[in-house]
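The structure appears below as structure tokens.
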Amino acid sequence: TITNTLGVATRYTSYHRDFVFGAFTFVANPALKRGQFPIMGANDVPEMTVELAVLDPIVAAYCGVGITPQRWHIAITRVQAATGDPYPIFAGYVRDCQLQGHSAVFTATAVTGDALEQTIPSVLASRLCQHVLYDGQCGEVRSSNAVITTITINPANPRLLTVASVGAFLAVDDFADGELLHTASGERRTIIAQAGLVMTIDAPLPTTAASGNAVTIFRGCDRAVSTCRSKFSNVPNFGGHPHLVVSSPWLSGADRVTGSGS
Numbered sequence: 094t095i096t097n098t099l100g101v102a103t104r105y106t107s108y109h110r111d112f113v114f115g116a117f118t119f120v121a122n123p124a125l126k127r128g129q130f131p132i133m134g135a136n137d138v139p140e141m142t143v144e145l146a147v148l149d150p151i152v153a154a155y156c157g158v159g160i161t162p163q164r165w166h167i168a169i170t171r172v173q174a175a176t177g178d179p180y181p182i183f184a185g186y187v188r189d190c191q192l193q194g195h196s197a198v199f200t201a202t203a204v205t206g207d208a209l210e211q212t213i214p215s216v217l218a219s220r221l222c223q224h225v226l227y228d229g230q231c232g233e234v235r236s237s238n239a240v241i242t243t244i245t246i247n248p249a250n251p252r253l254l255t256v257a258s259v260g261a262f263l264a265v266d267d268f269a270d271g272e273l274l275h276t277a278s279g280e281r282r283t284i285i286a287q288a289g290l291v292m293t294i295d296a297p298l299p300t301t302a303a304s305g306n307a308v309t310i311f312r313g314c315d316r317a318v319s320t321c322r323s324k325f326s327n328v329p330n331f332g333g334h335p336h337l338v339v340s341s342p343w344l345s346g347a348d349r350v351t352g353s354g355s
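Basically the working numbering = 1-based index in the sequence shown + 93.
Below, the structure written as structure tokens:
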């Protein structure tokens with residue numbers, strides 16, 4: 094069972110015909126293959142691979158552009174043919190999709206491994222802001238920097254979208270480094286450039302997206318203190334060190350480069 098971000102499930106079986114289990118029909122998919130559990134050490138995280146035909150709708154929706162824009166869940170259950178008893182053998186989230194000839198191989202990390210994985214705390218000093226835009230430390234309000242509008246998709250380049258409006262935000266780069274939310278699918282894309290009403294996103298929207306669809310666009314930030322000042326007037330919450338020395342502290346005079354703090 095492959096479940097997407099919106100909770101829509103696709104159910105396949107490697108059996109030779111469709112199979113009904115738990116009130117759901119699992120569709121026979123001859124191209125479906127799963128990997129074997131690797132031999133792992135005590136500190137390794139269990140992973141599983143699932144292979145589908147490259148033309149499968151799941152592949153087109155998920156990794157047709159070579160990236161993984163969603164957090165999809167895979168659950169694998171083996172059913173004993175004689176008794177019908179289920180044996181869950183894997184559950185985890187897709188972390189990677191690779192196109193290999195006529196196949197697409199998904200790699201998923203087990204839920205237990207994902208839950209137990211811990212990040213070692215660290216401290217980073219940088220001239221750029223280290224806050225996530227609109228988080229509690231940034232303090233900017235997401236809804237105050239959003240515009241609900243519609244899109245026209247460039248058929249020659251689906252990464253180019255023309256929005257109907259940018260609301261009260263007129264700056265050429267107000268939405269560069271921002272975000273676009275496709276209302277119907279719930280998928281998000283990074284806006285990597287803006288030229289007036291034309292937005293360049295990092296990857297095409299799902300194949301179900303069409304011109305006229307509703308989207309919400311959010312203003313972006315390049316994390317520089319100058320942008321924090323001119324666009325958001327939010328320097329008191331700036332999370333960087335604009336005067337940080339950017340060359341060796343052992344140098345002096347003309348050989349030493351410091352931050353401008355602009």
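Ideal Cβ placement from N, Cα and C applies to all residues, glycine included.
Bridge partners - residue i, DSSP secondary structure assignment
i    : result
K126 : E144
T176 : Paired residue(s): none; T176 is not in a bridge.
Y108 : Answer is none; Y108 lacks a bridge partner.
G194 : Answer is none; G194 lacks a bridge partner.
R171 : Y180
D189 : T200
A121 : T106
CB-CB length for residue i against residue j, believed under 8 Å
i    : j    : result
L254 : I241 : Their Cβ separation, rounded to whole angstroms, is 14 Å, which puts L254 and I241 out of contact at 8 Å.
R316 : C222 : 4 Å
H275 : L298 : 5 Å
I310 : V265 : Rounded, the Cβ-Cβ distance is 14 Å, inconsistent with contact.
Contact set for residue i: own chain, Cβ-Cβ below 8 Å, skip 5 residues either direction
i    : result
A124 : E144, L145, A146, D149 and S196
T118 : R104, D111 and F112
T161 : With a pLDDT of 48 at T161, under the threshold of 50, the modelled position of that residue is not reliable, and no figure is offered here.
Close Cβ partners of residue i (< 6 Å) along its chain, the five nearest in sequence each way excluded
i    : result
H109 : none
V318 : F331 and P335
T94  : A102, R104 and A168
P179 : T170 and V172
H224 : Q230, C231 and G332
Cβ shell of residue i (< 7 Å), same chain only, five flanking positions each side left out
i    : result
E233 : L226, Y227, F325 and N327
T320 : C314
N238 : F311 and R312
Item to check | Segment contact, 8 Å Cβ cut-off, at least three pairs: the stretch 268-279 with the stretch 322-334 | outcome: Under the Cβ criterion (8 Å, minimum of three pairs), the stretch 268-279 does not count as touching the stretch 322-334.
Checklist entry - Of all the beta strand (DSSP E) runs that stay within the bounds of the stretch 260-338, which reach a length of 3 or more residues? => result With a minimum length of 3 residues, the continuous beta strand (DSSP E) runs that stay inside the stretch 260-338 are 271-275, 281-288, 291-294 and 307-311.
Item to check | At least three beta-carbon pairs within less than 8 Å, the stretch 180-191 to the stretch 272-292 | outcome: The stretch 180-191, when compared against the stretch 272-292, does not touch it at the 8 Å Cβ threshold.
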